[in-house]
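Quick notes on the structure that follows.
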Amino acid sequence: MSVALTPVRFREVREEQWRADLRDGPVIGISAGSLLFGALCSSATARTYEWLHRGGMLLSHIKKGENMKRVLGMAGAAAILAGGAVVGLQTGYSNETPVARTPVADRPIGGYEGWWNSTPVHGSAEGLPEETVTVNTRTGKIVDAFNRAKNSTLISDADYNLVPDPGWPANSIVIIDTTTGMVIEDFLVDERGVPLDEGGRPLDAAG
Numbered sequence: 024m025s026v027a028l029t030p031v032r033f034r035e036v037r038e039e040q041w042r043a044d045l046r047d048g049p050v051i052g053i054s055a056g057s058l059l060f061g062a063l064c065s066s067a068t069a070r071t072y073e074w075l076h077r078g079g080m081l082l083s084h085i086k087k088g089e090n091m092k093r094v095l096g097m098a099g100a101a102a103i104l105a106g107g108a109v110v111g112l113q114t115g116y117s118n119e120t121p122v123a124r125t126p127v128a129d130r131p132i133g134g135y136e137g138w139w140n141s142t143p144v145h146g147s148a149e150g151l152p153e154e155t156v157t158v159n160t161r162t163g164k165i166v167d168a169f170n171r172a173k174n175s176t177l178i179s180d181a182d183y184n185l186v187p188d189p190g191w192p193a194n195s196i197v198i199i200d201t202t203t204g205m206v207i208e209d210f211l212v213d214e215r216g217v218p219l220d221e222g223g224r225p226l227d228a229a230g
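First residue of the sequence shown? That's 24 in the numbering used here, and the numbers climb one at a time after it.
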């Protein structure tokens, strides 16, 4: 389910990463259930950002008088995906046995996904940034990147000279469009870099 919810262009990388986590995680005290829960949260969040972005694009089309059936179809598909994710999370966590959390340094997080590095269904990337870098304001370091022309997530492929800005929100992830140097998205994270929900809880926290 996690792989199915993940945007297509990230599926191969994410599946490989999650399989490695499931293989090695129990050895250092992380249960398979916790890893699967985290994977579902990550993929559901990425898919939600993608749908929100597409929804914004479709609303723009509606204002121009384009096909309403397309909008209803997208809304229905989004509802099915959201429902499936909730059922999967509840099922996977109902049998979970609590385990001790491993030290922060041993729990790295993968890349971040959202509208800024999505691939629109209609194929046009007009209005989307060509290149972005992701900075963790807790550390002042670049932790992720995306180059649309190269379809690359390698930080080394990003042409950006990082100069931390005191005006950036604290304890957050900021997404920077390297063309303009502007912050185009930001959200709070915990010490591990895991995004926080509206209640301030990590998205991979137990319910």
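Note that the Cβ used here is the ideal one computed from N, Cα and C, for glycine as well.
Tell whether a beta-carbon distance below 8 Å holds between G216 and N159. Position 193 of the sequence shown, counted from the first residue, corresponds to residue 216. Position 136 of the sequence shown, counted from the first residue, corresponds to residue 159. Yes, the Cβ-Cβ distance between G216 and N159 is below 8 Å.
Between which two residues does the beta strand (DSSP E) carrying L211 extend? As a position in the sequence shown, residue 211 is number 188, starting the count at 1. Start and end: 205 to 211.
Report the CB separation of A62 from S25 in whole angstroms; it is logged as a contact under 8 Å. Position 39 of the sequence shown, counted from the start, is the residue given in the question as residue 62. Position 2 of the sequence shown, counted from the start, is the residue given in the question as residue 25. Separation of the CB atoms of A62 and S25 is rounded to 4 Å, and the pair is thereby assigned contact status at 8 Å.
Taking T201 as the reference, which of A228, L226, D209, N170 has the closest Cα? Within the sequence shown, the letter at position 178 stands for residue 201. For T201, the nearest C-alpha among the options comes from N170.
What does DSSP give as the partner residue(s) for P225 in the beta ladder? Taking the first residue of the sequence shown as 1, we reach residue 225 at position 202. P225 pairs with L219.
Classify T71 as helix, strand or coil using the three-state DSSP reduction. On the sequence shown, position 48 is the one that residue 71 refers to. DSSP places T71 in helix when its eight states are reduced to three.
Counting C-beta neighbours from all protein chains within 10 Å, is the total for P152 16 or more, i.e. buried, or is it exposed? Along the sequence shown, read from residue 1 onward, the residue named residue 152 stands at position 129. Buried, since its Cβ has 16 or more Cβ neighbours within 10 Å.
How many angstroms separate the CA atom of E154 from the CA atom of A193? Position 131 of the sequence shown holds residue 154. Position 170 of the sequence shown holds residue 193. Roughly 23 Å separates the two Cα atoms.
Are the beta-carbon atoms of S195 and D213 separated by less than 8 Å? For the purposes of this step, residue 195 is taken as residue 172 along the sequence shown, with counting starting at 1. For the purposes of this step, residue 213 is taken as residue 190 along the sequence shown, with counting starting at 1. The answer is no: Cβ separation not under 8 Å.
Measuring CB to CB, does Y183 end up less than 8 Å from V156? Position 160 of the sequence shown, counted from the first residue, corresponds to residue 183. Position 133 of the sequence shown, counted from the first residue, corresponds to residue 156. In this structure, Y183 lies near V156, with their beta-carbon atoms less than 8 Å apart.
Any idea what DSSP makes of I53, helix, strand or coil? Position 30 of the sequence shown, counting from 1, holds the residue named residue 53. Here I53 sits in coil by DSSP.
Assign D180 to one of three DSSP states: helix, strand, or coil. Taking the sequence shown and counting its residues from 1, the one referred to as residue 180 is at position 157. Of the three classes helix, strand and coil, the one that applies to D180 here is helix, per DSSP.
If the criterion is Cβ atoms closer than 8 Å, does the pair F233 and D227 meet it? Limits of the chain in this structure are 24 at one end and 230 at the other, which puts residue 233 out of reach.
Return the chain-ordered list of same chain residues with a C-beta closer than 6 Å to the C-beta of P218, the five sequence neighbours on each side being excluded. On the sequence shown, position 195 is the one that residue 218 refers to. Only F210, V212, L226 meet the Cβ criterion.
One question on the structure: do I198 and V206 come within less than 8 Å of each other, judged by their Cβ atoms? By 1-based counting over the sequence shown, the position of residue 198 is 175. By 1-based counting over the sequence shown, the position of residue 206 is 183. Yes; because the gap between Cβ atoms is below 8 Å, this pair is in contact.
Exposed or buried, R203, counting other C-beta atoms within 10 Å across all chains shown (16 or more means buried)? Here residue 203 refers to the residue found at position 180 when the sequence shown is read from its first residue. Reading off the sequence shown, one finds Thr at residue 203, where the question assumed Arg. Only exposed fits T203, as fewer than 16 other CB atoms lie within 10 angstroms of its CB.
Does the Cβ of L177 have 16 or more other Cβ atoms within 10 Å, making it buried, or fewer, making it exposed? For this step, residue 177 is matched to residue 154 along the sequence shown. The residue is exposed, with fewer than 16 neighbouring Cβ atoms inside 10 Å.
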